[in-house]
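First to last, the sequence lines map onto chains A and V.
Numbering follows this note's numbering, with no gaps: position 134 of the first sequence is 134.
Numbering follows this note's numbering, with no gaps: position 162 of the second sequence is 349.
Virtual Cβ for every residue (Gly too), placed ideally from N, Cα, C.
Since this is a predicted model, take the numbers as computed values, not measurements.
Right, one structure below, let's go through it.
Number of protein chains: 2
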Amino acid sequence: MTRELLSLILESLGNFDEEEQSLLLKEIKEIHLAKGEIILNPGEVCSLAHFVVSGSLYQYKLNTDLDKEIIDLYTKNDWVLDHKSFVSRTASQHFIEAFEDSLIFEISIQSIHKLIANSQRFLRLGSILEKTSSRLSFFDNNNSADEKYRFILNHRQDILQKFPLGMIASYLKMKPETLSRIRKKVT
Amino acid sequence: MTRELLSLILESLGNFDEEEQSLLLKEIKEIHLAKGEIILNPGEVCSLAHFVVSGSLYQYKLNTDLDKEIIDLYTKNDWVLDHKSFVSRTASQHFIEAFEDSLIFEISIQSIHKLIANSQRFLRLGSILEKTSSRLSFFDNNNSADEKYRFILNHRQDILQKFPLGMIASYLKMKPETLSRIRKKVT
DNA sequence: TTTTCTTTTTGACTTTTATCAAGTGCTCCC
DNA sequence: GGGAGCACTTGATAAAAGTCAAAAAGAAAA
């Protein structure tokens, strides 16, 4: 992987010195995904963290009617993982799939442990988890449909561009009709 | 701490052999809490996991009107921690407080790391996290008030005994009136 | 036991969101 | 260009939960 691409990750995680960057570089893999490619399946333990360089991905589960329920949407500079499976090392119930052709970086949990063992400064990699969980936790609370949409509008403009409203509605746990009405009112 | 009390933890985590039990014992502290004592304050990083031997505790945050919003309720044999703060090592926004006089065990994240460094078998301590997060994640989803109450009825009978309905309603993110009506309907 | 205070229930009404059905606009593509 | 399909919008109505106010039931205190 090139240093130029590494700089994207460094922007996300904060800077590391030369030596740390070299160590980090050795653990990171570059992956090209075609639209529709799946990088996590239900039943697997999510032991890889991915970083979106370009393109977009989404995490979802199938409900009893086999409809996709959107868990999270990812674009450039987002960290991609099933947070719960990653942390507790239990089987995921979710899919993670490329929504477009995408370029991503990959780092394994083993690599992260290895780096931390080497230098405590890599404890900062824990912020990967922080980033993923803080975003999702907003939707956990009993916020109104309005507030949820406004949150996207303020913090995730990018996903409004990339993904169809039906997917965004599912992500916000509301019906497409409700999202459509709110959008008219708020904008 | 006595071996008898340790057996409670072993029931929760699965068995360890003699040597592992000795190592574990050294890292665990026994704590008596008086009703109202606070073991986690907003602004602190939650770096201790607690196990309830007897009594009860609750985790909450203050909303803008300074009302307590219940995050989690704990009784005998529950593990107590702010999951997000514990995992991501960021400042908690929550309180954790004894609801009654309680006896709890305490183990620090440092101790957990130390044990794991010593033997991979202590990786099982990760199930502490699993237990705490899986319970909470049920309420994240857009389940109806009915389903949430039924979940409590099936999986947390004990908290219905210990805590007033107002607290349980807040925990389930509904109004006390709604919980009262559902209770009449479901029971 | 009576009084007081708190918790829980009940009733009438409002707000929010879901549901169902139909309409508009758009793109793909033969 | 004329469907066929898809995404989004709009309207009418229903269901779920919240709000406010008051009554009933329980628990604690005098």
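N- and C-terminal bounds of the beta strand (DSSP E) containing Lys76 (chain A): Neither: Lys76 (chain A) is in no beta strand (DSSP E) and is coded neither H nor E.
CB contact check: Asn329 (chain V) to chain A, cutoff 7 Å: Chain A contact via Cβ: present.
Local conformation of Lys84 (chain A) per DSSP, three classes: In the three-state reduction of the DSSP assignment, Lys84 (chain A) falls in the helix class.
Cut-off 7 Å between Cβ atoms - residues of its own chain near Ile258 (chain V), not counting five sequence neighbours on either side: If the five residues before and after Ile258 (chain V) are omitted, its C-beta is found closer than 7 Å to the C-beta atoms of Gln246, Tyr247, Lys248 and His281, all from its own chain and listed in chain order.
Proximal chain V residues relative to Lys173 (chain A), where beta-carbon distance stays under 7 Å: Those are Asn329, listed as they occur along chain V.
Option in A:Leu33, A:Phe99 and A:Leu13 with minimal Cα separation from Pro164 (chain A): Cα-wise, what sits closest to Pro164 (chain A) is A:Phe99.
Ser298 (chain V) beta carbon less than 7 Å from that of Glu214 (chain V): Yes.
Length of the line joining the Cα atoms of Arg370 (chain V) and Leu268 (chain V): Rounded to whole angstroms, Arg370 (chain V) to Leu268 (chain V) spans 29 Å at the Cα level.
Span of the alpha helix (DSSP H), counted from its first residue to its last, around Ala169 (chain A): Membership of Ala169 (chain A) in the alpha helix (DSSP H) is indicated by the continuous run Leu165 to Tyr171.
Element boundaries [alpha helix (DSSP H), containing Phe326 (chain V)]: Run containing Phe326 (chain V): Ser314 to Asp327, per the alpha helix (DSSP H) assignment.
Proximity test, Cβ basis, 7 Å: Ser133 (chain A) and chain V: Between Ser133 (chain A) and chain V, the shortest Cβ-Cβ separation is below 7 Å.
The region 132-140 of chain A touching the region 74-88 of chain A, judged by at least three CB pairs closer than 8 Å: As far as the Cβ criterion goes, the region 132-140 of chain A touches the region 74-88 of chain A, which means the pair count is three or higher.
Ala285 (chain V) - containing alpha helix (DSSP H), residue span: Careful: Ala285 (chain V) lies outside any alpha helix (DSSP H), inside the beta strand (DSSP E) at Phe282 to Ala285.
Beta-carbon spacing of Asp288 (chain V), Gly242 (chain V) below 7 Å: A contact, by the Cβ cut-off of 7 Å.
DSSP bridge partner residues for Leu220 (chain V) (one or two, in chain order): Leu220 (chain V) is bridged to V:Ser289.
Ser275 (chain V) burial status per 10 Å Cβ neighbour count (16 or more: buried): So Ser275 (chain V) ends up on the buried side.
Exposure label - Thr262 (chain V); buried when at least 16 CB within 10 Å: Thr262 (chain V) comes out buried.
Cβ of Thr277 (chain V) within 7 Å of any chain A Cβ: With 7 Å as the cut-off, Thr277 (chain V) counts as an interface residue toward chain A.
Close beta carbons around Asp78 (chain A), own chain, < 6 Å, minus the five adjacent residues each side: Counting only Cβ-Cβ distances below 6 Å, and skipping sequence neighbours, we find Val52.
Length of the line joining the Cα atoms of Ala356 (chain V) and Thr251 (chain V): Linking Ala356 (chain V) to Thr251 (chain V) through their CA atoms gives a straight-line distance of about 18 Å.
Ser54 (chain A) (DSSP reduced to helix, strand or coil): Looking at Ser54 (chain A) - three-state DSSP - the assignment turns out to be strand.
7 Å Cβ cutoff, Glu207 (chain V) in contact with chain A: Not a single C-beta of chain A is nearer than 7 Å to the C-beta of Glu207 (chain V).
Contact under 7 Å by Cβ, Lys360 (chain V) with Asn143 (chain A): No, they are not a contact pair.
Length of the line joining the Cα atoms of Thr277 (chain V) and Glu130 (chain A): For Thr277 (chain V) and Glu130 (chain A), the distance between alpha carbons rounds to 8 Å.
Beta-carbon proximity of Ile315 (chain V) to Ala236 (chain V), cut-off 7 Å: Yes, Cβ-Cβ distance for Ile315 (chain V) and Ala236 (chain V) is below 7 Å.
Exposed unless 16 or more other CB atoms sit within 10 angstroms - verdict on Ile38 (chain A): With fewer than 16 Cβ atoms within 10 Å of its Cβ, Ile38 (chain A) is classed as exposed.
Test item: CB-CB of Ser96 (chain A) and Leu8 (chain A) under 7 Å: The residue asked about is misnamed: residue 96 (chain A) is Ile in this sequence, not Ser. Not a contact, by the Cβ cut-off of 7 Å.
Collapsed DSSP secondary structure at Ile225 (chain V) in the structure displayed: The answer is strand: DSSP assigns Ile225 (chain V) an E or B state.
Any C-beta of chain V under 7 Å from that of Gly126 (chain A): Yes, because at least one Cβ of chain V sits closer than 7 Å to the Cβ of Gly126 (chain A).
Where Ile159 (chain A) falls: helix, strand or coil (DSSP): Secondary structure of Ile159 (chain A) (DSSP, three-state): helix.
Nearest-angstrom Cα separation, counted from Leu13 (chain A) out to Phe122 (chain A): Near 10 Å, if we compare the C-alpha coordinates of Leu13 (chain A) and Phe122 (chain A).
Beta carbon proximity, Glu317 (chain V) to chain A, threshold 7 Å: Residue-level contact check: Glu317 (chain V) touches chain A, since one or more beta carbons of chain A fall below 7 Å from its beta carbon.
Contacts that Val87 (chain A) makes with chain V (C-beta to C-beta distance below 7 Å): For the C-beta of Val87 (chain A), the chain V residues within less than 7 Å are, from N- to C-terminus, Val274 and Leu316.
Within 7 Å, strictly: CB atoms of Ile152 (chain A) and Leu73 (chain A): Not closer than 7 Å, so no.
Simplified DSSP state of Glu206 (chain A), which is helix, strand or coil: Outside the modelled stretch of chain A, which goes from 1 to 187, sits residue 206 (chain A), for which no answer is possible.
Identity of the residue in V:Glu207, V:Gln307 and V:Glu256 nearest Pro363 (chain V) by Cα: It is V:Glu256 whose Cα lies nearest to the Cα of Pro363 (chain V).
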